[in-house]
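Please read the structure below before turning to the comments.
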Amino acid sequence: TEQALSYSLDVDGKTVEIAAVSMGNPHAVLRVTDINNTPVHELGPKIEHHPRFPARANVGFLQVIDRNRAQLRVWERGVGETQACGTGACAAAVAAISQGWMDSPLLIDLPGGRLSIE
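Per the numbering used here, the sequence shown starts with residue 17, numbered consecutively.
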């Protein structure tokens with residue numbers, strides 16, 4: 017069973033709480049309150065290149081709607097923001113369940129569509 021580890025990162029002098037998950041590649045998941053106003057293009061590359069992730073990381077910005085629904089935006093390492101990311105959605109699901117934010121099964125909405133994860 018995959019688990020997420022909680023970390024505090026210093027990003028531009030501010031503390032950012034993340035859940036780190038390996039899906040065969042590194043993912044950092046941040047819980048946000050307003051996904052539409054989250055500075056994904058500012059925070060994404062800063063977390064992607066953070067020293068805690070020497071191989072860089074994919075960064076997921078997760079807004080929990082209720083115990084089984086969430087919205088997600090993903091900053092993919094080396095690419096930028098993507099419309100959809102299956103491993104990013106799975107990493108967000110692992111983070112959300114292991115942190116106690118959500119329960120399985122999950123519906124995760126990304127800009128490119130909806131994924132169902134059990």
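Just so it is clear, CB atoms sit at the ideal spot from N, CA and C, and this is done for glycine as well. The structure displayed is predicted, hence computed values, not measured ones.
Taking the DSSP output, what are the residues bridged to residue i?
i       : result
Ala-37  : Looking at the sequence shown, residue 37 is not Ala but Val. Val-37 pairs with His-43.
Trp-91  : Val-75 and Glu-97
Asp-82  : Arg-85
Gly-129 : Leu-126
Asp-26  : Thr-31
Leu-21  : Ala-36
Among the options, which has the Cα closest to the Cα of residue i?
i       : options                            : result
Pro-127 : Met-118, Arg-47 and Ile-51         : Ile-51
Gln-19  : Leu-25, Val-45, Lys-30 and Val-56  : Val-45
Gly-76  : Arg-83, Val-110, Arg-68 and Gly-29 : Val-110
Ala-108 : Ser-24, Ala-36, Leu-25 and Lys-30  : Ala-36
Ala-71  : Leu-25, Gly-94 and Ser-22          : Gly-94
Would you mind giving the Cβ-Cβ distance between residue i and residue j, rounded to the nearest angstrom? I have them listed as a contact below 8 Å.
i      : j      : result
Asn-74 : Glu-92 : 5 Å
Taking C-beta to C-beta, are residue i and residue j nearer than 9 Å?
i       : j      : result
Ile-124 : Ala-86 : yes
Ala-100 : Arg-47 : no
Taking the beta carbon of residue i as the centre, do at least 16 other beta carbons fall within 10 Å, making it buried, or is it exposed?
i       : result
Glu-134 : exposed
Arg-83  : exposed
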